[in-house]
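Single-structure report; data block below.
Number of protein chains: 2
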Amino acid sequence: MKLITRYTDYSIRALIFIARKKGEIITASDLVENLKIPRPFLRRLLQILNKEKILKSYKGKGGGFRLLRAPDKIYIVDLIKIFQGPLRLNECIFKKNICPNIKVCRFKNRLDKIEKNVILELKPITISSLLN
Amino acid sequence: MKLITRYTDYSIRALIFIARKKGEIITASDLVENLKIPRPFLRRLLQILNKEKILKSYKGKGGGFRLLRAPDKIYIVDLIKIFQGPLRLNECIFKKNICPNIKVCRFKNRLDKIEKNVILELKPITISSLLN
DNA sequence: ACAAATGATACTATAATGGTATCATTATAT
DNA sequence: ATATAATGATACCATTATAGTATCATTTGT
Chain F
4 MKLITRYTDY SIRALIFIAR KKGEIITASD LVENLKIPRP FLRRLLQILN
54 KEKILKSYKG KGGGFRLLRA PDKIYIVDLI KIFQGPLRLN ECIFKKNICP
104 NIKVCRFKNR LDKIEKNVIL ELKPITISSL LN
Chain D
4 MKLITRYTDY SIRALIFIAR KKGEIITASD LVENLKIPRP FLRRLLQILN
54 KEKILKSYKG KGGGFRLLRA PDKIYIVDLI KIFQGPLRLN ECIFKKNICP
104 NIKVCRFKNR LDKIEKNVIL ELKPITISSL LN
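Sequence order for the protein chains is F and D.
In terms of my numbering, the first sequence has 102 at position 99, counting the first letter as 1, and numbering is strictly consecutive.
In terms of my numbering, the second sequence has 88 at position 85, counting the first letter as 1, and numbering is strictly consecutive.
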């Protein structure tokens, strides 16, 4: 029951590293050396961040990655969504229309409240808010 | 990233059902019929609850299960612990002594706070508080 | 003795996560 | 042009957690 998978965790570390280098183009190799993330895994992750327009990639010699958005516009919840899908801690095992007491189920209501609070606390966290 | 697995979820439903029957001995069959939980799965789960002293089982004809504790002494977090292990949303991928910046890692600090809040909200929930 | 219950335990299936490997493509410097 | 250093695309594999099944043994009331 982890909130954050390695994809998300690694990508946060990578983005923080890149953000600290303000504008420099950072290669996968730079990140491997500094963050000890397995190379092929990191490469995949960077490609995803590129596709999702979090990073911009530069191909060819001298290439690498740069942030596409300002660090205060990169929200952790976006990363979670990219790598882990919609943030949902709580899903009724009976899908909507089968569970007989969906409206009454007090447990589900409690979990919904907890989920909302988690989201509320995660929402404001950006890469820039983690920089130091 | 689910807070609650089926084991936990099913066992909550089962315990609520049993609790409502105040003191009656409830068989696995009763629960299967009423809660639509797959029989072998439910049976395993009841055996676990028996071992963990949440339920008391009665073997042989006329047997079944009864609550061993009062419903207000059965905490959801106990069930989570039984079926899912310690409630931990947040574990550094670098175990304690490897991550260079464990004390400074602001992200981990944030997650710790969120985790604490989740636990705080889950802690008071008992079977009796879900009885309606 | 029989039937109706649980106890014990081993097995299987599926999906998510974590990680690897390979080849193609692009861009720069010489 | 060509070699080199970078990313792009993709397919594959391993491990673990979750979900679920199957089987036989044991106990107990009638």
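Where is the CB? At the ideal position from N, CA and C, for every residue including glycine.
On a predicted model such as this, the values are computed, not experimentally measured, just so you know.
At which residues does the beta strand (DSSP E) containing Leu70 (chain F) begin and terminate?
Its beta strand (DSSP E) spans residues 67-70.
Could you tell me whether the Cβ of Val121 (chain D) comes closer than 8 Å to any Cβ of chain F?
It does; some Cβ of chain F falls within 8 Å.
So is Arg16 (chain D) buried or exposed if we call it buried at 16+ other beta carbons inside 10 Å?
Buried, since its Cβ has 16 or more Cβ neighbours within 10 Å.
In DSSP terms, what Tyr10 (chain F) is bridged to
Residue pairing for Tyr10 (chain F): DSSP places it in no beta bridge.
I'd like to know if Lys84 (chain F) contacts chain D, where contact means its C-beta is closer than 8 Å to some C-beta of that chain.
No, Lys84 (chain F) does not count as interfacial toward chain D.
In the DSSP assignment, find the beta strand (DSSP E) that holds Lys59 (chain D) and state where it starts and stops.
Here the beta strand (DSSP E) through Lys59 (chain D) covers 58-61.
Starting from the C-beta of Gly67 (chain D), find all residues in its chain whose C-beta is less than 8 Å away, skip the five residues before and the five after it, and write them out in chain order.
Ile28, Ile29, Thr30, Ala31, Asp33, Ser60, Tyr61, listed in sequence order.
Give the straight-line distance between the Cα atoms of Pro89 (chain F) and Pro74 (chain D), rounded to the nearest whole angstrom.
Using only the alpha carbons, I get a separation of about 34 Å.
Tell me whether Ile29 (chain D) sits in a helix, a strand or coil according to DSSP, three-state version.
For Ile29 (chain D), the secondary structure class from DSSP, reduced to helix, strand or coil, is strand.
What's the C-alpha gap between Leu122 (chain D) and Ile7 (chain D)?
The sequence given here has Ile at residue 122 (chain D), not Leu. Rounded to whole angstroms, Ile122 (chain D) and Ile7 (chain D) show a C-alpha spacing of 13 Å.
Extent of the continuous alpha helix (DSSP H) to which Ile83 (chain F) belongs
That run of the alpha helix (DSSP H) goes 79-87.
N-terminal and C-terminal residue of the alpha helix (DSSP H) that Lys119 (chain F) is part of:
Under the DSSP assignment, Lys119 (chain F) falls in the alpha helix (DSSP H) whose first and last residues are 109-125.
I need the straight-line Cα distance from Glu36 (chain D) to Phe44 (chain F), nearest angstrom please.
In this structure, the CA atom of Glu36 (chain D) is about 47 Å from the CA atom of Phe44 (chain F).
Anything in the segment 32-62 of chain F with a Cβ closer than 7 Å to a Cβ of chain D? List those residues in chain order, please.
Contacts with chain D (Cβ-Cβ distance below 7 Å) from the segment 32-62 of chain F involve no residue at all.
Excluding sequence positions up to five away, which residues of its chain have a Cβ less than 6 Å from the Cβ of Ile128 (chain D)?
The beta carbon of Ile128 (chain D) sits closer than 6 Å to those of Ile79, all from its chain and outside the five residues before and after it, given in chain order.
If distances are taken between C-alpha atoms only, which option among D:Lys64, D:Leu133, D:Arg91 comes closest to Lys76 (chain D)?
Ranking the options by Cα distance to Lys76 (chain D), first place goes to D:Leu133.
Going by C-alpha to C-alpha distance, which of D:Arg42, D:Lys111, D:Ile51, D:Glu94 sits closest to Ile83 (chain D)?
Measuring from the Cα of Ile83 (chain D), the nearest candidate turns out to be D:Ile51.
Buried or exposed for Asp12 (chain F), going by 16 or more other Cβ atoms inside 10 Å?
Classification of Asp12 (chain F): buried, given that the 10 Å Cβ count is 16 or more.
Residues of the segment 5-22 of chain F whose Cβ lies closer than 9 Å to any Cβ of chain D, in chain order:
So the list reads Lys5, Leu6, Ile7, Thr8, Arg9, Asp12, Tyr13, Ile15, Arg16, Ile19, given in the order they occur along the chain.
Looking only at C-alpha atoms, which of F:Ile57, F:Arg9, F:Asn112, F:Glu124 sits nearest to Ala22 (chain F)?
It is F:Ile57.
Going along chain D in order, which residues have a C-beta closer than 7 Å to the C-beta of Arg109 (chain F)?
The answer, in chain order, is Leu133, Asn135.
Taking Lys54 (chain F) as the reference, which of F:Lys116, F:Ile117, F:Ile85 has the closest Cα?
Cα-wise, what sits closest to Lys54 (chain F) is F:Ile85.
Have a look at Ile19 (chain F) and Arg109 (chain D) and give me their C-alpha separation to the nearest angstrom.
Roughly 11 Å separates the two Cα atoms.
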